[in-house]
Amino acid sequence: MIGVVATLKVQVEKTSEFEAVFLDLAAKVKANEPGCLLYQLTKSKTEAGTYKVLELYASMDDLKAHGGTDYFKAGGAAMGPFMAGRPEIEYLDAVE
């Protein structure tokens, strides 16, 4: 399994719009990607506008397929105006 933690910084005044776009994307991921075992948006309790996406994929192929979907690309473009910086992505190997 492959884990991903994506840290997203969002303009504080645009968090509602960001969340709406992200939740639409997450619904598409959950409905169409059986190899995506977890795709959860979380929000910091201490840093306004900071979100972390917790992701878990069955394989590297599943992760690559996720990034290649039209809805992922469209979601990223739609979130762009709400961002306060580039995403920070950390890739993790599952310990099994």
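Heads up, the sequence shown is in the working numbering, so the first residue is 4 and it goes up one at a time. All C-beta atoms in this analysis are idealised placements derived from N, C-alpha and C, irrespective of residue type, glycine included.
Would you mind working out which of the options sits nearest residue i, comparing C-alpha positions?
{"i": "residue 67", "options": "38, 13, 24 and 81", "result": "38"}
{"i": "residue 19", "options": "65, 74, 86 and 93", "result": "86"}
{"i": "residue 21", "options": "95, 36 and 55", "result": "55"}
{"i": "residue 79", "options": "28, 17 and 10", "result": "28"}
{"i": "residue 47", "options": "41, 64 and 10", "result": "10"}
{"i": "residue 42", "options": "91, 49 and 69", "result": "69"}
Going by DSSP in three states, residue i sits in which element: helix, strand or coil?
{"i": "residue 50", "result": "coil"}
Quick check: residue i and residue j, are their CB atoms within less than 8 angstroms of each other?
{"i": "residue 5", "j": "residue 60", "result": "yes"}
{"i": "residue 8", "j": "residue 44", "result": "no"}
{"i": "residue 33", "j": "residue 88", "result": "no"}
{"i": "residue 52", "j": "residue 15", "result": "yes"}
Margin query: My parser needs the beta strand (DSSP E) runs of 3 or more residues fully inside the stretch 4-52; what are they?
Written below: You should have 5-12 and 39-46.
Next item on the list: Write down every uninterrupted run of the beta strand (DSSP E) in the stretch 53-93 whose length is 3 residues or greater and which is fully enclosed by it, in chain order.
Entry: As far as the stretch 53-93 is concerned, its whole beta strand (DSSP E) runs of at least 3 residues are 53-60.
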